[in-house]
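Everything in the sequence shown is counted per the UniProt record's numbering, starting at 1 for the first residue and increasing by one. Even for Gly, the Cβ is constructed at its ideal location relative to N, Cα and C. Notes to accompany the following structure.
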Amino acid sequence: MGNMEQATVVQEVLERIDAAAIDGRAHNIRHRQHQLHQLSGALQRNADKICEAIGLDSGFDDDEVAFEFSQSINTIRTLYEQLNLQSALDEEYAANNKDNLSARMPFGIVVIRPGQHCRLFSIISPVATAIAAGNCVIVEIPNSLGHLDSFLRSELTTSLDPDGFAIVSKAVTVSRLSSDYVVVDQTLSDTTKESSLVSDSKALTVAIVDRTADVEQAASAICTARFRFKGRSPYAPDVIMVNEWVRDDFVSACLKLSSSHAASTVSAKKSGSALNGRTSHYPRDDFTVLFDSCGVRLVEGTRK
């Protein structure tokens, strides 16, 4: 498909979604429940294929793939359970001839630019949230050789309302939309400052361990977050701030867990893979290496 044809297709999608947002069909609670039910059903019917696609694209182990899939399903279930028909009727201010001061209105259209890490969850979570809030949804998924992207593009577009949900392969020019919109950007590609929710995946993630913490539990949680998903999670701790009163116990616990992880790492090819690249711009003189083996490096900052 040429650029002109793609532009025409995207424009047709925008017009269709825009019309659906204007007529307000996505506001109806029964419609929202039905769409979430359809979304959950599409995932559960194809669980094996989706998990296989995640594994092929990401290289995650079976437990990590299963965790990502289950979190996606749980997100939909939680949002569905929060939609209560009776509560919606009780809050209908027009029917009760009174003002509803706590009423909340959806944006209208949500444009989603999903990140690459945990691709399924990065797509399903904002899609389900937008639907539950009563919005029409456009997801930008560029044409690629990714197994998961190809599968979701086919399955979701046939399972969800075609007038209220669409997947496009090119970036949406949001200025063409006549309805109110918000852009959920996990790629930092959005140049629009207004009506944007931006997740900076390159920003450092900080964990704090205070003196009242359960040191063993804190070390276990932090090491698990750091080492799982091949150490590439944008939410894995890059910097850990530890209260000096528990510093020695925390370091000892981390050393024990790091040693355990290193012993189980048979595919590591070079040292330092557990040190996130987002900290690589710091001078090496600022780090004291506490542990360095089999692809795992534990360091302590010495900068004052």
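Check, Outcome
"Reduced DSSP category for L204 - H, G, I as helix; E, B as strand; rest coil", "coil"
"Alpha-carbon to alpha-carbon, S144 and K170", "12 Å"
"V242 classed as buried or exposed, judged by whether at least 16 other C-beta atoms fall within 10 angstroms", "buried"
"Cβ contact (3+ pairs, closer than 8 Å) linking the stretch 173 to 184 and the stretch 105 to 112", "yes"
"Endpoints, beta strand (DSSP E) assigned at R113", "109 to 113"
"DSSP state of F67 mapped onto helix, strand, coil", "helix"
"Closest by C-alpha distance to D63, when choosing among R16, R247, R228, D214", "R228"
"Inter-residue spacing [alpha-carbon to alpha-carbon] between V10 and A26", "21 Å"
"Segment limits, alpha helix (DSSP H) that includes V215", "215 to 227"
"Cβ-based burial, S154 [other Cβ within 10 Å; buried from 16]", "exposed"
"Residues of its chain near A130, where Cβ-Cβ distance is below 6 Å and the 5 sequence neighbours each way are ignored", "V110, V137"
"Nearest-angstrom Cβ-Cβ length linking residue 334 and L43, presumed shorter than 8 Å", "There is no way to answer for residue 334, as the model of the chain reaches only from 1 to 304."
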